[in-house]
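Just so we're aligned, residue 1 is where the sequence shown starts under the UniProt record's numbering, counting upward by one.
Beta carbons are placed, not taken as given, at the ideal position from N, Cα and C, and that holds for glycine.
Working notes, structure below.
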Amino acid sequence: MATTRVLEWLGRFYIVLLLAFLYLPIIIMALMSFNTSPFYQLPFEWTTDWYASLWQNDQLIAATWNSIEIAVITTIISTVLGAMASLALYRHEFRGKKFLQALLFPPIAIPWLITGTAMLIFFFGVGIGRGLVAILLGHVALALPYVIVVVSARLQTFAPELEEAARSLGANPWQVTMRVTLPWIMPGVIAGGLFAFAVSFDQFVVSYFLSTPGQTTLPVEIYAAIRKGFTPEINAVSTIIIVVSMALMLLTARFFKFGGEK
Numbered sequence: 001m002a003t004t005r006v007l008e009w010l011g012r013f014y015i016v017l018l019l020a021f022l023y024l025p026i027i028i029m030a031l032m033s034f035n036t037s038p039f040y041q042l043p044f045e046w047t048t049d050w051y052a053s054l055w056q057n058d059q060l061i062a063a064t065w066n067s068i069e070i071a072v073i074t075t076i077i078s079t080v081l082g083a084m085a086s087l088a089l090y091r092h093e094f095r096g097k098k099f100l101q102a103l104l105f106p107p108i109a110i111p112w113l114i115t116g117t118a119m120l121i122f123f124f125g126v127g128i129g130r131g132l133v134a135i136l137l138g139h140v141a142l143a144l145p146y147v148i149v150v151v152s153a154r155l156q157t158f159a160p161e162l163e164e165a166a167r168s169l170g171a172n173p174w175q176v177t178m179r180v181t182l183p184w185i186m187p188g189v190i191a192g193g194l195f196a197f198a199v200s201f202d203q204f205v206v207s208y209f210l211s212t213p214g215q216t217t218l219p220v221e222i223y224a225a226i227r228k229g230f231t232p233e234i235n236a237v238s239t240i241i242i243v244v245s246m247a248l249m250l251l252t253a254r255f256f257k258f259g260g261e262k
């Protein structure tokens, strides 16, 4: 009995340490975005000057909007194409299907440094070059495998009898997909979309290789700003992004109704 309690407390202690390791740096960063000192000096003095300065930093604001626009477009394209590809892989058998499914994992496993270099060479070879279009194509290529893998995993729990029952009741293929299959896999579609957004918004390596001066994303701009000299404006924009992201996740979890029609 005593051994069980000790193990239980050790487990709880480990979880607390893990959460502290993950969240303490974020909390400290957010607090320092309200500190007067640009060098993290204590005692802490409250101010919102860094947020006011942020709105006057045109480069950082432009890079943030570029990242948001690219991430949203990447999410839409990747989610639609990924859900369609997952349904095709689930419903149809064809030669080379296993090999095609295996090809989904190398883009996830290959280091992004190699992927970025390969994309840079390829885009210059086909005449696309660098810029926001190249970044968007690169992000879609990176995010698409995540969506297909997540949605395909959700489809493994789907009962084909539901589609057969809908067809026997007179539903056409479009109605079967939209009113039976899609509501069932919607949690996987949303999870895949969140993965796609996170991969795109947080992507640095590929964006660094494919961006041009004046057309950078937020991670690239933050890297450039840190090289010139760190300012708490970066803490401010990071805090805003974290708060907005968590709010969107909580709203999605609270108000989105999963499941098909009853």
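Contact check, residue i vs residue j, beta carbons under 9 angstroms
i      : j      : result
LEU100 : LEU89  : yes
VAL206 : ARG154 : no
SER33  : THR181 : no
ILE135 : GLN56  : no
THR212 : ALA143 : no
ILE226 : LEU60  : no
TYR223 : PHE197 : no
VAL147 : THR79  : yes
VAL150 : GLY96  : no
THR217 : ASN35  : no
ASP202 : PRO219 : yes
Element boundaries [alpha helix (DSSP H), containing residue i]
i      : result
ILE68  : 58 to 91
SER207 : 205 to 210
GLN215 : No alpha helix (DSSP H) contains GLN215, which DSSP labels as neither H nor E.
LEU100 : 97 to 102
MET178 : That residue, MET178, is in no alpha helix (DSSP H); it is neither H nor E in DSSP.
As assigned by DSSP and simplified to three states, the class of residue i
i           : result
ASN35       : strand
GLN41       : coil
SER245      : helix
TRP112      : helix
THR117      : helix
GLN156      : coil
ARG12       : helix
LEU251      : helix
ALA166      : helix
GLY193      : helix
residue 270 : Outside the shown range of the chain (1 to 262) lies residue 270, about which nothing can therefore be said.
ALA134      : helix
GLY129      : coil
ALA171      : coil
THR231      : coil
PHE105      : coil
SER123      : Per the sequence shown, residue 123 should be read as Phe rather than Ser. In this structure, PHE123 counts as helix in the three-state DSSP scheme.
PHE94       : coil
Closer than 8 angstroms: residue i CB and nearest the ligand GDP heavy atom
i      : result
GLY129 : Among the ligands in the structure shown, none appear at all, so the ligand GDP cannot be discussed.
Residues sharing a beta bridge with residue i, DSSP
i     : result
TRP46 : ASN35
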